[in-house]
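**Q**
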Amino acid sequence: MGNLVFFDETVGLDNEPRVRCTHLQVQVVDNHAVPEIVIGPKDAAHEGIFATFNDWEQFERFVEAVNGLHSRLKSINE
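Following my numbering from start to finish, the sequence shown increments by one per residue and tops out at 241.
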C-alpha cells in the first residue's frame, strides 16, 4: 500500500499581498505509518519540502499545537 493523503490543498492568501504568501500545495501524509507534511509548488508538492516527524511523541505535540491554534482561531472567527 502506498502513501495515504489526509489533506491535499493549495493554500495562500488571495485577498492580501504579503511577503512569503505565495500559493503552495500542502499535504498531510501517512507515509507507511510515518506522519509527514509536504509543502511545495502548486500541483507539484513532491518537489518541495518533506517534514517527517522524529517519533510519535513529536507528532502528538504537533497535533496538539494545531488543535490549540484551531480552538483559538475558531473562537475569533465565530
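Even glycine gets a Cβ: it sits at the ideal position worked out from N, Cα and C.
Does the distance from the CB of residue 167 to the CB of residue 193 come in under 7 Å?
**A** As a position in the sequence shown, residue 167 is number 4, starting the count at 1. As a position in the sequence shown, residue 193 is number 30, starting the count at 1. Yes, the pair counts as a contact, with Cβ atoms nearer than the cut-off.
**Q** Starting from residue 226, trace the alpha helix (DSSP H) both ways and give me its first and last residue.
**A** The residue labelled residue 226 in the question sits at position 63 within the sequence shown. Counting along the chain, the alpha helix (DSSP H) containing residue 226 begins and ends at 219–240.
**Q** Would residue 190 be called buried (16 or more neighbouring beta carbons within 10 Å of its own) or exposed?
**A** As a first step, residue 190 is located in the sequence shown; it is residue number 27 there, counting from the start. Looking at its Cβ environment, which holds 16 or more other Cβ atoms inside 10 Å, residue 190 is buried.
**Q** Between 200, 205 and 204, which lies nearest to residue 221 when the distance is taken from Cα to Cα?
**A** Looking up residue 221 in the sequence shown gives position 58. Here the closest residue by C-alpha is 200.
**Q** Nearest CA to the CA of residue 196: which residue from 185, 184 and 215?
**A** In the sequence shown, residue 196 corresponds to position 33, counting from 1. Ranking the options by Cα distance to residue 196, first place goes to 215.
**Q** So for residue 207, helix, strand or coil by DSSP?
**A** Here residue 207 refers to the residue found at position 44 of the sequence shown. Three-state result, residue 207: coil.
**Q** Using a Cβ-Cβ cutoff of less than 6 Å, which residues in the same chain neighbour residue 213 once the five nearest sequence positions on both sides are dropped?
**A** The sequence position of residue 213 within the sequence shown is 50, counting from 1. Correct list, in chain order: 199 and 201.
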